[in-house]
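Single-structure report; data block below.
Numbering (the UniProt record's numbering), first residue to last: 1 to 143.
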């Protein structure tokens, strides 16, 4: 189930439904929001994901597609996600620390070549698509 559109109250409702239906096919909670909005994840969103972790509900965040690499770092550290939708911008961290952390925790990247081009997350002008790098490095990802 996905929390969308920067609405903390909806995130709480989505968590309630995840908890209620977790033994009836719901496998996790996801958050997709405008990554370019300043401030990142709200305190409410962080609390919702903390509670999901306590309940053993899988956590995913759409991050690192239209925003900077910090959204991937925040998904791992603040939301305790094991999966990230996209994550292409992770390579913008010149230090490489965010990518190394993702590799160390075996973060799963859900990728989509079509949307990465359409959203500008990984434009065609890139010399090498992030998905190719994930494959070369043996990173946990799916297409």
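All residues carry an ideal CB built from backbone N, CA and C; glycine is no exception. Note that this is a predicted model, so its numbers are computed, not measured.
Cβ atoms of residue 2 and residue 30 come within 8 Å of each other, at about 4 Å. The three-state secondary structure of residue 94, taken from DSSP, is coil. The way I'd put it, the region 39-51 doesn't touch the region 85-101; fewer than three beta-carbon pairs between them come closer than 8 Å. Here DSSP, grouped into helix, strand and coil, assigns residue 60 to strand. Distance between residue 141 and residue 111, taken at the CA atoms: about 7 Å. Per DSSP, reduced to three states, the secondary structure at residue 74 is helical. Around residue 119, the same chain offers 65, 66 as residues with beta carbons nearer than 7 Å, after the five sequence neighbours per side are excluded.
In this chain, the alpha helix (DSSP H) harbouring residue 137 covers 130-137. Per DSSP, the unbroken alpha helix (DSSP H) holding residue 51 starts and ends at 43-54. Counted as a single uninterrupted DSSP element, the alpha helix (DSSP H) harbouring residue 117 occupies residues 113-118. DSSP places residue 22 in the coil class of the three-state scheme, outside both helix and strand. With 16 or more neighbouring CB atoms inside 10 Å of its own CB, residue 69 falls in the buried class.
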